[in-house]
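Below is one structure, written out as structure tokens; comments come after it.
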Amino acid sequence: MWPEHEGFVATSLGGHGKGELDLLDILSARILRLAGIDLDRFIESYRWLCGVFNEEQLYFVRNGRYRCSNFAEVNAAVYSNAEFMRKYMEGLLVSQLFWQNHARSFIFFNEFIKTAVPDYRYLEVGPGHGLYLASVAADSDCAEAEAWDVSAESLAQTRASLSRMGVERPVTLVEQDVQASTLDLERRFDIVVISEVLEHLEAPLDALNTLAAALAPAGRILVNFPINSPAPDHIYLLESLEQVVQLVEQAGLVVERAEAFPSMGYSLKRAMAVKATVSCAVVARLGTER
Numbered sequence: 002m003w004p005e006h007e008g009f010v011a012t013s014l015g016g017h018g019k020g021e022l023d024l025l026d027i028l029s030a031r032i033l034r035l036a037g038i039d040l041d042r043f044i045e046s047y048r049w050l051c052g053v054f055n056e057e058q059l060y061f062v063r064n065g066r067y068r069c070s071n072f073a074e075v076n077a078a079v080y081s082n083a084e085f086m087r088k089y090m091e092g093l094l095v096s097q098l099f100w101q102n103h104a105r106s107f108i109f110f111n112e113f114i115k116t117a118v119p120d121y122r123y124l125e126v127g128p129g130h131g132l133y134l135a136s137v138a139a140d141s142d143c144a145e146a147e148a149w150d151v152s153a154e155s156l157a158q159t160r161a162s163l164s165r166m167g168v169e170r171p172v173t174l175v176e177q178d179v180q181a182s183t184l185d186l187e188r189r190f191d192i193v194v195i196s197e198v199l200e201h202l203e204a205p206l207d208a209l210n211t212l213a214a215a216l217a218p219a220g221r222i223l224v225n226f227p228i229n230s231p232a233p234d235h236i237y238l239l240e241s242l243e244q245v246v247q248l249v250e251q252a253g254l255v256v257e258r259a260e261a262f263p264s265m266g267y268s269l270k271r272a273m274a275v276k277a278t279v280s281c282a283v284v285a286r287l288g289t290e291r
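Sequential numbering of the sequence shown, starting at 2, is according to our numbering.
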């Protein structure tokens, strides 16, 4: 870690209690296994990522919107640039531990999983590095685990990540566009998770409608949606926890719990006042009308 950032990391990790730090120890062990002998390179990618996000934050403050407004723009600027994507994904992996809103989202997820019914069927959309899937795979109460992504390449990377983290139990990975209107769902899931995905979509409500249809009658969904969160590949801007709740409710879901995790150094009130990034976690179930 570079010297100027050591205080930030120490303060961020120091804001967690003992039980939370135990979970973050598990997270850090997974990150170390994924980085392996290339840890120094991952740290450099994380430093680069911090600079990129600072640039996006400046653009957001000056213009009141994200830089990209559709998938075509993001694809041209980010997804089609292999070197950019390598550094971006490596940096994001490290941020899961060092950025307090990311770390608290991981803690919230693990606490949420503990409330699942025995032998639950789990679906995750956009599994990324597989950090959440690894928690589910280690849970003896999980009967089946499945994950969707629109990209076959991303799923291959998830599969490789699960292997590097030592996940041995079967996890079904499916190439699937969650926004597809023709999606024919044959199975239902007790737990559905979509974390930091909806902000990448042009029509997040379409995705939520699909996932509501994928829920078992007593199932629950966890939606993690960062607000005021400028990033090179973010498209859909929401500006409050209330807006996230409203989006979830538009899919015919009933919200049971909603939490907001501001970026390190901000109270929620201050973060909202200056439009700093806040990770919003919403747990919901099916409404009676569905």
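All C-beta atoms in this analysis are idealised placements derived from N, C-alpha and C, irrespective of residue type, glycine included.
(message) At 3 residues or longer, what runs of the beta strand (DSSP E) sit wholly inside the stretch 99-148?
(response) Whole beta strand (DSSP E) segments, 3+ residues: 121-126.
(message) Report the CB separation of VAL172 from LEU186 in whole angstroms; it is logged as a contact under 8 Å.
(response) For this step, residue 172 is matched to residue 171 along the sequence shown. For this step, residue 186 is matched to residue 185 along the sequence shown. 19 Å between Cβ atoms; not a contact.
(message) Please return the same chain residues whose Cβ sits closer than 8 Å to the Cβ of ASN71, not counting the five positions on each side in sequence.
(response) For the purposes of this step, residue 71 is taken as residue 70 along the sequence shown, with counting starting at 1. Around ASN71: GLU203 and ILE236.
(request) Look at the Cβ atom of PRO325, then the Cβ atom of GLU57, and state whether they are nearer than 9 Å. (result) Beyond the ends of the chain as shown, which are 2 and 291, falls residue 325; an answer cannot be given.
(request) Let me know if PRO205 comes out buried or exposed under the rule of 16 or more other beta-carbons within 10 Å of its beta-carbon. (result) On the sequence shown, residue 205 is found 204 positions in, with the first residue counted as 1. Note on PRO205: 16 or more other CB atoms within 10 angstroms of its CB, so buried under the neighbour-count rule.
(message) Check whether the stretch 277-284 and the stretch 239-251 are in contact - that is, three or more C-beta pairs closer than 8 Å.
(response) Yes, the stretch 277-284 is in contact with the stretch 239-251.
(message) What residue range does the alpha helix (DSSP H) around VAL62 cover?
(response) As a first step, residue 62 is located in the sequence shown; it is residue number 61 there, counting from the start. 40-64 is the span of the alpha helix (DSSP H), which, as asked, contains VAL62.
(request) Count the other CB atoms, across all protein chains shown, that sit within 10 Å of the CB of SER152; report buried if there are 16 or more and exposed otherwise. (result) Locating residue 152 in the sequence shown gives position 151, counting from the first residue. The residue is exposed, with fewer than 16 neighbouring Cβ atoms inside 10 Å.
(message) Check for me: the alpha helix (DSSP H) holding LEU242 runs from which residue to which?
(response) Counting from 1 along the sequence shown, the entry for residue 242 is found at position 241. Residues 242-251.
(request) Give me the Cα-Cα distance between VAL224 and ILE192, rounded to the nearest whole angstrom. (result) Along the sequence shown, read from residue 1 onward, the residue named residue 224 stands at position 223. Along the sequence shown, read from residue 1 onward, the residue named residue 192 stands at position 191. For VAL224 and ILE192, the distance between alpha carbons rounds to 11 Å.
(message) Is the separation between the beta-carbon of ALA214 and that of GLN180 shorter than 9 Å?
(response) Within the sequence shown, residue 214 is the residue found at index 213, counting from 1. Within the sequence shown, residue 180 is the residue found at index 179, counting from 1. For the 9 Å CB-CB criterion, ALA214 and GLN180 do not form a contact.
(message) Only counting the same chain, and skipping five residues up and downstream in sequence, which positions put a Cβ closer than 7 Å to that of VAL137?
(response) Residue mapping note: residue 137 aligns to position 136 of the sequence shown, counting from 1. Correct list, in chain order: ILE114, TYR123, CYS143 and ALA146.
(request) With a 10 Å radius around its C-beta and 16 neighbouring C-beta atoms as the bar for buried, classify THR12 as buried or exposed. (result) The sequence position of residue 12 within the sequence shown is 11, counting from 1. Sixteen is the threshold: since fewer than 16 other Cβ atoms of the shown chains lie within 10 Å of the Cβ of THR12, the residue is exposed.
(request) For the stretch 62-80 and the stretch 24-32, state whether three or more C-beta atom pairs, one from each stretch, are separated by less than 8 Å. (result) In short, these stretches do not touch, since the Cβ pair count stays below three.
(request) Return yes when the Cβ of PHE226 is within less than 9 Å of the Cβ of GLU257, no when it is not. (result) Stepping through the sequence shown from its first residue, residue 257 is reached at position 256. Stepping through the sequence shown from its first residue, residue 226 is reached at position 225. Annotated as distal: GLU257 and PHE226, with beta-carbon spacing of 9 Å or more.
(request) Can you grab the Cα-Cα spacing for the pair GLY85 / VAL79, in whole Å? (result) One-based indexing of the sequence shown puts residue 85 at position 84. One-based indexing of the sequence shown puts residue 79 at position 78. The sequence given here places Phe at residue 85; Gly does not occur at that position. Between PHE85 and VAL79, the C-alpha separation is close to 7 Å.
(message) Whole angstroms are fine: how far does the CA of ALA272 sit from the CA of TYR67?
(response) Within the sequence shown, the letter at position 66 stands for residue 67. Within the sequence shown, the letter at position 271 stands for residue 272. If I take the Cα positions, the gap works out to 17 Å.
(request) Rank GLU125, ARG170, HIS103 and VAL95 by C-alpha distance to the C-alpha of TRP49 and give the top, closest one. (result) Counting from one through the sequence shown, the residue named residue 49 turns up at place 48. Nearest to TRP49 by C-alpha distance, out of GLU125, ARG170, HIS103 and VAL95, is VAL95.
(request) Can you have a look at SER264 and say buried or exposed, based on whether 16 or more other CB atoms are within 10 angstroms of its CB? (result) Start at 1 with the first residue of the sequence shown, and residue 264 comes out as number 263. With 16 or more other CB atoms across the displayed protein chains lying within 10 angstroms of its CB, SER264 is buried.
(request) State buried or exposed for PRO119, treating a residue as buried only when at least 16 other CB atoms are found within 10 Å of its CB. (result) On the sequence shown, position 118 is the one that residue 119 refers to. Burial call: exposed.
(message) Using the Cβ count rule (16 or more neighbours within 10 Å means buried), how would you classify LYS88?
(response) Within the sequence shown, residue 88 is the residue found at index 87, counting from 1. It counts as buried.
(request) Could you tell me the distance, in whole angstroms, from the CA atom of LEU199 to the CA atom of THR211? (result) Here residue 199 corresponds to residue number 198 of the sequence shown, with the count starting at 1. Here residue 211 corresponds to residue number 210 of the sequence shown, with the count starting at 1. Near 12 Å, if we compare the C-alpha coordinates of THR211 and LEU199.
(message) For ARG42 and ASP140, I'd like the C-alpha separation in whole angstroms.
(response) In the sequence shown, counting from the first residue as 1, residue 42 sits at position 41. In the sequence shown, counting from the first residue as 1, residue 140 sits at position 139. A straight line joining the alpha-carbon of ARG42 with that of ASP140 spans about 32 Å.
(message) Tell me the residue span of the alpha helix (DSSP H) that contains ALA261.
(response) Working through the sequence shown from its first residue, we reach residue 261 at position 260. For ALA261, there is no enclosing alpha helix (DSSP H); the enclosing beta strand (DSSP E) covers residues 254-263.
(request) Run the CB neighbour count on GLU169, radius 10 Å, all protein chains shown included, and call it buried at 16 or more, exposed below. (result) The residue labelled residue 169 in the question sits at position 168 within the sequence shown. Exposed is the label assigned to GLU169, since fewer than 16 other Cβ atoms lie within 10 Å of its Cβ.
(request) Note down the Cα distance separating PRO231 from VAL245, rounded to an integer number of angstroms. (result) Mapped onto the sequence shown, residue 231 falls at position 230. Mapped onto the sequence shown, residue 245 falls at position 244. Going from the Cα of PRO231 to the Cα of VAL245 covers about 16 Å.
(request) Evaluate ALA161 with the Cβ neighbour count: other Cβ atoms within 10 Å of its Cβ, from every protein chain shown; 16 or more gives buried, anything less gives exposed. (result) The residue given as residue 161 occupies position 160 in the sequence shown. Classification for ALA161: exposed.
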